[in-house]
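Participant: Here it is, the structure, as C-alpha coordinates.
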Amino acid sequence: SEAITTFCLDGKEPGDLQFAKGDIIILRRKVDDNWYHGELNGCHGFLPASYIVLLRPLNKDQDKDCLAFSKVHTHTCTDTHTLSRCNPLCVHL
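For what it's worth, the UniProt record's numbering labels the leading residue of the sequence shown as 1, then goes sequentially.
As C-alpha coordinates, then:
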(Lines of atoms letter the chains of each structure in order from A and count residues from 1; the text may use other names and numbers.)
(Lines give C-alpha, C1' and ligand atoms only; values in the text may rest on other atoms or scores of the structure.)
Protein backbone atom coordinates (compact mmCIF):
# COMPACT_ATOMS: atom_id res chain seq x y z
CA SER A 1 0.00 0.00 0.00
CA GLU A 2 1.15 3.54 -0.68
CA ALA A 3 0.27 6.99 0.59
CA ILE A 4 1.29 10.54 -0.28
CA THR A 5 2.21 12.89 2.54
CA THR A 6 0.26 16.13 2.96
CA PHE A 7 2.61 17.60 5.60
CA CYS A 8 6.26 17.19 6.54
CA LEU A 9 7.41 15.43 9.70
CA ASP A 10 10.84 16.11 11.22
CA GLY A 11 10.99 12.71 12.88
CA LYS A 12 12.49 14.11 16.08
CA GLU A 13 10.78 11.53 18.28
CA PRO A 14 12.39 8.07 18.40
CA GLY A 15 10.55 5.73 16.06
CA ASP A 16 9.02 8.47 13.89
CA LEU A 17 9.53 8.35 10.13
CA GLN A 18 11.01 11.57 8.72
CA PHE A 19 9.47 12.80 5.46
CA ALA A 20 8.67 15.89 3.38
CA LYS A 21 5.32 17.00 1.99
CA GLY A 22 4.61 15.11 -1.23
CA ASP A 23 6.74 12.05 -0.43
CA ILE A 24 5.32 8.64 -1.35
CA ILE A 25 5.38 6.33 1.68
CA ILE A 26 5.13 2.54 1.51
CA LEU A 27 2.71 1.59 4.28
CA ARG A 28 3.65 -1.62 6.06
CA ARG A 29 0.81 -1.79 8.60
CA LYS A 30 -1.91 0.20 10.31
CA VAL A 31 -1.14 0.50 14.01
CA ASP A 32 -4.51 2.01 14.95
CA ASP A 33 -6.89 4.67 13.62
CA ASN A 34 -4.28 7.39 14.22
CA TRP A 35 -0.96 5.79 13.23
CA TYR A 36 0.68 3.79 10.45
CA HIS A 37 4.07 2.12 10.21
CA GLY A 38 5.76 2.88 6.91
CA GLU A 39 8.94 2.99 4.87
CA LEU A 40 10.66 5.72 2.87
CA ASN A 41 14.08 5.35 1.22
CA GLY A 42 14.92 2.29 3.31
CA CYS A 43 14.00 3.99 6.62
CA HIS A 44 11.17 2.60 8.73
CA GLY A 45 9.04 4.40 11.31
CA PHE A 46 5.67 5.57 12.52
CA LEU A 47 3.63 8.34 10.91
CA PRO A 48 0.30 9.98 11.78
CA ALA A 49 -2.67 8.91 9.67
CA SER A 50 -3.75 12.56 9.47
CA TYR A 51 -0.52 13.42 7.55
CA ILE A 52 -1.24 11.15 4.55
CA VAL A 53 -3.71 10.42 1.78
CA LEU A 54 -3.96 6.75 0.82
CA LEU A 55 -3.14 6.03 -2.82
CA ARG A 56 -3.83 2.30 -2.45
CA PRO A 57 -5.54 0.68 0.55
CA LEU A 58 -3.49 -1.50 2.87
CA ASN A 59 -3.77 -5.20 2.03
CA LYS A 60 -5.04 -6.82 5.24
CA ASP A 61 -4.08 -10.32 4.03
CA GLN A 62 -0.48 -9.19 3.61
CA ASP A 63 -0.49 -7.53 7.05
CA LYS A 64 -1.83 -10.58 8.92
CA ASP A 65 1.59 -12.27 8.99
CA CYS A 66 3.45 -9.08 9.89
CA LEU A 67 5.20 -9.04 13.26
CA ALA A 68 5.87 -5.69 14.92
CA PHE A 69 8.99 -5.21 17.01
CA SER A 70 9.42 -2.36 19.45
CA LYS A 71 12.36 -0.02 19.19
CA VAL A 72 15.14 -1.15 21.50
CA HIS A 73 17.88 1.38 20.66
CA THR A 74 17.81 5.11 19.92
CA HIS A 75 21.02 5.40 17.88
CA THR A 76 20.97 6.04 14.13
CA CYS A 77 21.52 3.07 11.86
CA THR A 78 23.79 3.60 8.89
CA ASP A 79 24.15 0.09 7.45
CA THR A 80 21.03 -0.74 5.45
CA HIS A 81 22.22 -4.29 4.73
CA THR A 82 21.92 -5.50 8.32
CA LEU A 83 18.83 -6.04 10.43
CA SER A 84 18.28 -2.74 12.20
CA ARG A 85 17.16 -2.63 15.80
CA CYS A 86 16.92 1.15 15.64
CA ASN A 87 13.46 1.43 14.16
CA PRO A 88 10.34 -0.73 14.28
CA LEU A 89 10.44 -3.48 11.72
CA CYS A 90 7.93 -5.49 9.78
CA VAL A 91 9.15 -9.00 9.14
CA HIS A 92 7.27 -11.22 6.70
CA LEU A 93 7.72 -14.94 7.38
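Cβ atoms here follow ideal geometry from the backbone N, Cα and C, with glycine treated the same way.
What residue from K21, N59 and C43 has the CA that sits closest to S50's CA?
Facilitator: Position 50 of the sequence shown, counted from the first residue, corresponds to residue 50. Here the closest residue by C-alpha is K21.
Participant: Leaving out five residues on either side along the sequence, give the residues of the same chain with a beta carbon under 6 angstroms from the beta carbon of L58.
Facilitator: Along the sequence shown, read from residue 1 onward, the residue named residue 58 stands at position 58. Within the same chain, L58 has close Cβ partners S1, L27 and K30.
Participant: Just to confirm, is the Cβ distance from G38 to L17 under 9 angstroms?
Facilitator: The residue you call residue 38 lines up with position 38 of the sequence shown. The residue you call residue 17 lines up with position 17 of the sequence shown. Yes.
Participant: Where does R19 land, buried or exposed, given buried means 16+ other C-beta within 10 angstroms?
Facilitator: Counting from 1 along the sequence shown, the entry for residue 19 is found at position 19. It should be noted that the sequence gives Phe, not Arg, for residue 19. So F19 counts as buried.
Participant: Does DSSP put residue 95 in a helix, a strand or coil?
Facilitator: Since the first and last residues shown for the chain are 1 and 93, residue 95 lies out of range.
Participant: According to DSSP, is T6 helix, strand or coil?
Facilitator: For the purposes of this step, residue 6 is taken as residue 6 along the sequence shown, with counting starting at 1. Coil.
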